[in-house]
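The letter at position 105 of the sequence shown is residue 183 when you use this note's numbering, and the numbering goes up by one with no holes.
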Amino acid sequence: MNIAIINGPNLNLLGTREPEVYGSRTFAQFFEELQKKFPSVTFSYFQSNVEGELINELQRAGKACDGIVLNPGGYTHTSVAIGDAIAAINAPVVEVHISNVHAREEFRRISHVSAKAKGTIAGLGLKGYELAVASFL
Ligand code: CA2
């Protein structure tokens, strides 16, 4: 089973700033633990602050992987193009948000991704990525 984890803009800052919202673990630390928890899964990890790079990776993983765990970051709320990319690929996508986007500013309640995704997990911290992976097994 091949699963791609894709993180959008600013998620490279995890563990370094705003720990009260996003926690204090870096994604690299978490990713190591995740790989140990799911030894039967071959993971790829990609993070970018650039919208087009995220779309290129969705298209690649859409052909190569059995499932995609996507946190589109702030592009969730703005990017029709990322929504279109998810609709255009074969692999199922689970949308993950570390914070509870529904309990924050009103604009974070809009997602261009949710309607194209297999499911959405929000507000459970990094555990959400783990639950998304488990949903593909
Ligand atoms: O809760 C999430 O996972 C979000 O996708 C994170 C995005 C935000 O724009 C979405 O509304 C919800 C922001 C990512 C910023 O990540 C940071 C991590 C650590 C420190 C600063 C920013």
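Beta carbons are placed, not taken as given, at the ideal position from N, Cα and C, and that holds for glycine. Note that the structure is a prediction, hence the values are computed from the model and not measured.
Buried/exposed call for residue 206, threshold 16 Cβ in 10 Å: buried
Euclidean distance between Cα positions of residue 176 and residue 120: 23 Å
Close-in-space but distant-in-sequence residues of the same chain around residue 181 (CB under 8 Å, 5 per side omitted): 201
As assigned by DSSP and simplified to three states, the class of residue 202: coil
Separation of residue 195 from residue 134, as counted between CA atoms: 17 Å
At least 3 beta-carbon pairs within less than 8 Å: the region 106 to 115 vs the region 130 to 145: no
Residue 175 CB to nearest heavy atom of the ligand CA2 below 8 Å: yes
Terminal residues of the beta strand (DSSP E) in which residue 123 lies: 120 to 125
Secondary structure of residue 217, DSSP reduced to three states: Outside the displayed range of the chain (79 to 215) lies residue 217, so it cannot be described from this structure.
Cβ of residue 99 within 9 Å of any chain D Cβ: Judged by its chain identifiers, the structure shown contains no chain D, having just a single protein chain.
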